[in-house]
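Chemist: Structure below; questions to follow.
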Amino acid sequence: MKSSRTCRVGVIGYGAIGVPVVAEIAAGRVPGAALEGIISRSPLSGAPAKRMDLTEALERCDLLVECAGQEALVEYGEAILLAGVDLLVTSIGALADGEFSKQLAAAGPGRLFLTAGAVGGLDLLSSGARVEGYDRVTITTTKLPESLIQPWMNEALIEEIHSARGPLDIYEGPAAEAAQLFPKSMNAGAAVAIAVNDWDVVTVRVRADPAAKLTSHVIEASGTLGEYRFEIRNKPSEDNPRTSGVVPFAVLRSLESVIGAQGGLI
Ligand SMILES: NC(=O)c1ccc[n+]([C@@H]2O[C@H](COP(=O)([O-])OP(=O)(O)OC[C@H]3O[C@@H](n4cnc5c(N)ncnc54)[C@H](O)[C@@H]3O)[C@@H](O)[C@H]2O)c1
Numbered sequence: 001m002k003s004s005r006t007c008r009v010g011v012i013g014y015g016a017i018g019v020p021v022v023a024e025i026a027a028g029r030v031p032g033a034a035l036e037g038i039i040s041r042s043p044l045s046g047a048p049a050k051r052m053d054l055t056e057a058l059e060r061c062d063l064l065v066e067c068a069g070q071e072a073l074v075e076y077g078e079a080i081l082l083a084g085v086d087l088l089v090t091s092i093g094a095l096a097d098g099e100f101s102k103q104l105a106a107a108g109p110g111r112l113f114l115t116a117g118a119v120g121g122l123d124l125l126s127s128g129a130r131v132e133g134y135d136r137v138t139i140t141t142t143k144l145p146e147s148l149i150q151p152w153m154n155e156a157l158i159e160e161i162h163s164a165r166g167p168l169d170i171y172e173g174p175a176a177e178a179a180q181l182f183p184k185s186m187n188a189g190a191a192v193a194i195a196v197n198d199w200d201v202v203t204v205r206v207r208a209d210p211a212a213k214l215t216s217h218v219i220e221a222s223g224t225l226g227e228y229r230f231e232i233r234n235k236p237s238e239d240n241p242r243t244s245g246v247v248p249f250a251v252l253r254s255l256e257s258v259i260g261a262q263g264g265l266i
């Protein structure tokens with residue numbers, strides 16, 4: 001089925017992800033999408049669309065793209081879906097909170113879409129999860145030390161991370177906990193957990209490495225249908241080293257799939 005109607009799109013967040021997403025939609029490089037406006041706490045200097053508040057966005061948009069963070073998803077997510085507006089999410093780590101996740105799943109008629117963001121291989125992992133699931137899944141994420149510092153860390157740990165001369169493992173634990181402890185950095189672990197449809201089977205390792213010019217994610221899984229190992233090495237965004245530069249383009253690809261404007265690889 002081919003939809004010929006233009007999809008009116010709003011973007012939440014105007015930072016490292018939001019700016020290029022807005023620019024590409026405004027430039028007409030997402031067939032079938034028209035940019036309606038931006039919800040953001042930051043200044044919109046030079047933006048090719050106007051600021052809107054949530055009420056305006058719900059009146060004017062068919063779909064909102066969240067590029068703002070877990071807190072923003074918690075703030076706006078349910079209201080968007082209840083208003084019958086579709087929502088494409090980047091901050092999928094927020095779904096580690098089981099209650100919130102259930103709340104969004106129950107809130108329609110808007111549809112909830114999640115972008116794979118910085119990682120790949122999720123299509124295959126999700127295909128395999130249809131049969132008995134996996135007995136072991138790990139994701140090891142390596143980033144520059146300063147991008148992993150969190151408000152809950154004590155001074156001794158922060159000092160240890162800052163003074164690391166080589167790779168330093170700073171966390172190992174379940175994917176849900178990792179997404180909550182590293183909310184701006186561990187959406188990748190959440191994406192893997194959602195793909196394998198099992199938060200409990202996924203172990204996340206977070207590694208600080210002063211030599212990590214590229215952010216790496218090594219995903220390993222073994223299950224009934226096979227064994228998989230994916231290694232992703234992304235350049236960090238120049239605007240926000242916690243975010244990989246590819247993420248806005250993953251969002252745009254997801255947007256095209258949601259709108260259904262493009263054929264090709266899915
Ligand atoms: N899925 C993935 O692979 C992946 C990868 C990187 C980042 N992310 C998620 O994307 C989020 C944004 O990343 P970024 O690098 O663009 O961050 P950023 O800090 O560069 O930009 C965030 C933008 O959102 C706005 N914002 C924050 N809270 C808001 C709110 N409540 N209401 C309105 N606007 C708000 C800020 O003003 C800013 O414009 C991250 O916090 C993270 O949760 C996901």
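Going left to right, the sequence shown walks through residues 1 to 266 as our numbering numbers them.
The C-beta atom is built at its ideal place from N, Cα and C for all residues, glycine as well.
Could you tell me the alpha carbon to alpha carbon distance between P183 and R5, rounded to whole angstroms?
Modeler: As a working mapping, residue 183 is identified with position 183 in the sequence shown. As a working mapping, residue 5 is identified with position 5 in the sequence shown. If you take the alpha carbons of P183 and R5, they lie about 36 Å apart.
Chemist: Reducing DSSP to helix, strand and coil, say where M1 ends up.
Modeler: Counted from its first residue, the sequence shown places residue 1 at position 1. In this prediction, M1 has a pLDDT of 47, which is less than 50 and means its spatial position is unreliable; nothing more can be read from the coordinates.
Chemist: Using alpha carbons as the reference points, say which of I12, L122, E256, A193 lies closest to G98.
Modeler: On the sequence shown, position 98 is the one that residue 98 refers to. Closest by alpha carbon: A193.
Chemist: How would you write the range of the alpha helix (DSSP H) that Y76 sits in, first residue to last?
Modeler: If you number the sequence shown from 1, residue 76 lands on position 76. Note, Y76: alpha helix (DSSP H), 70 to 82.
Chemist: At the level of alpha carbons, what is the spacing between L114 and P167?
Modeler: Looking up residue 114 in the sequence shown gives position 114. Looking up residue 167 in the sequence shown gives position 167. Cα-Cα distance, rounded: 31 Å.
Chemist: Taking 7 Å as the cut-off, is the beta-carbon of K274 closer than that to any non-hydrogen atom of ligand 1?
Modeler: Outside the displayed range of the chain (1 to 266) lies residue 274, so it cannot be described from this structure.
Chemist: Kindly indicate which three-state DSSP category P43 falls into: helix, strand or coil?
Modeler: The residue you call residue 43 lines up with position 43 of the sequence shown. Coil.
Chemist: Exposed or buried, which one is A49 when buried takes at least 16 other CB atoms within 10 Å?
Modeler: Translated into positions along the sequence shown, residue 49 becomes position 49. Classification for A49: buried.
Chemist: Is the distance from the Cβ of G18 to the Cβ of C61 below 8 Å?
Modeler: Against the sequence shown, residue 18 aligns to sequence position 18. Against the sequence shown, residue 61 aligns to sequence position 61. Contact: no.
Chemist: So for L252, helix, strand or coil by DSSP?
Modeler: In the sequence shown, residue 252 corresponds to position 252, counting from 1. Helix.
Chemist: Mapping the DSSP letters down to three states, classify A118 as helix, strand or coil.
Modeler: The residue labelled residue 118 in the question sits at position 118 within the sequence shown. DSSP places A118 in coil when its eight states are reduced to three.
Chemist: If you draw a straight line from the C-alpha of M1 to the C-alpha of L255, how long is it?
Modeler: Indexing the sequence shown from 1 puts residue 1 at position 1. Indexing the sequence shown from 1 puts residue 255 at position 255. Its pLDDT being 47, under 50, M1 is placed unreliably by the model, and the measurement read from it follows with that caveat. C-alpha separation (whole angstroms): 17 Å.
Chemist: Going along the chain, which residues of its own chain have a beta-carbon closer than 6 Å to the beta-carbon of V119, five neighbours each way excluded?
Modeler: Counting from 1 along the sequence shown, the entry for residue 119 is found at position 119. Around V119: A188, A191, H217, I232.
Chemist: Our contact map puts Y76 next to L44 with C-beta atoms below 8 Å; I'd like the distance itself, whole angstroms only.
Modeler: Translated into positions along the sequence shown, residue 76 becomes position 76. Translated into positions along the sequence shown, residue 44 becomes position 44. Actually they do not touch by this definition, with Cβ atoms about 17 Å apart.
Chemist: Which ranges would you report for the beta strand (DSSP E) in the stretch 108 to 165 if only whole runs of at least 3 residues count?
Modeler: Segments of the beta strand (DSSP E) lying fully in the stretch 108 to 165: 112 to 114, 134 to 143.
Chemist: By alpha-carbon positions, which one of P241, A47, A195, P20 ends up nearest to R130?
Modeler: Translated into positions along the sequence shown, residue 130 becomes position 130. Checked all of P241, A47, A195, P20; the closest Cα to R130 is A195.
Chemist: Output the distance between the C-alpha atoms of Q70 and A179, rounded to the nearest integer angstrom.
Modeler: Here residue 70 corresponds to residue number 70 of the sequence shown, with the count starting at 1. Here residue 179 corresponds to residue number 179 of the sequence shown, with the count starting at 1. Taking the straight line from one Cα to the other gives about 10 Å.
Chemist: Sorted by chain position, which residues of the same chain lie with C-beta nearer than 6 Å to W199's C-beta, five sequence neighbours on each side aside?
Modeler: Counting from one through the sequence shown, the residue named residue 199 turns up at place 199. Result list for W199: A175, A176, A193, in chain order.
Chemist: Give the straight-line distance between the Cα atoms of E227 and T138, rounded to the nearest whole angstrom.
Modeler: For the purposes of this step, residue 227 is taken as the residue at position 227 of the sequence shown. For the purposes of this step, residue 138 is taken as the residue at position 138 of the sequence shown. Their Cα atoms are separated by approximately 12 Å.
Chemist: Starting from E56, trace the alpha helix (DSSP H) in both directions and tell me its first and last residue.
Modeler: As a working note, residue 56 is residue 56 in the sequence shown. It spans 54 to 60 - the alpha helix (DSSP H) in which E56 sits, taken as one unbroken run.
Chemist: What first and last residue would you give for the alpha helix (DSSP H) that runs through G278?
Modeler: With the chain covering only 1 through 266, there is no way to say anything about residue 278.
Chemist: Pull up the distance between the alpha-carbon of V65 and that of V89, whole angstroms please.
Modeler: As a position in the sequence shown, residue 65 is number 65, starting the count at 1. As a position in the sequence shown, residue 89 is number 89, starting the count at 1. Each residue's Cα considered, the two are about 6 Å apart.
Chemist: Using 10 angstroms around the beta-carbon of S185, count the other beta-carbons present and answer buried if the total reaches 16, otherwise exposed.
Modeler: Taking the sequence shown and counting its residues from 1, one reaches residue 185 at position 185. So S185 counts as buried.
Chemist: Using only the alpha-carbon positions, how far apart do G128 and E220 sit?
Modeler: Translated into the one-based positions of the sequence shown, residue 128 becomes position 128. Translated into the one-based positions of the sequence shown, residue 220 becomes position 220. Approximately 13 Å, taken between the alpha carbons.
Chemist: CA-CA distance, G245 and I92?
Modeler: As a working mapping, residue 245 is identified with position 245 in the sequence shown. As a working mapping, residue 92 is identified with position 92 in the sequence shown. Straight-line Cα distance between these residues: approximately 17 Å.
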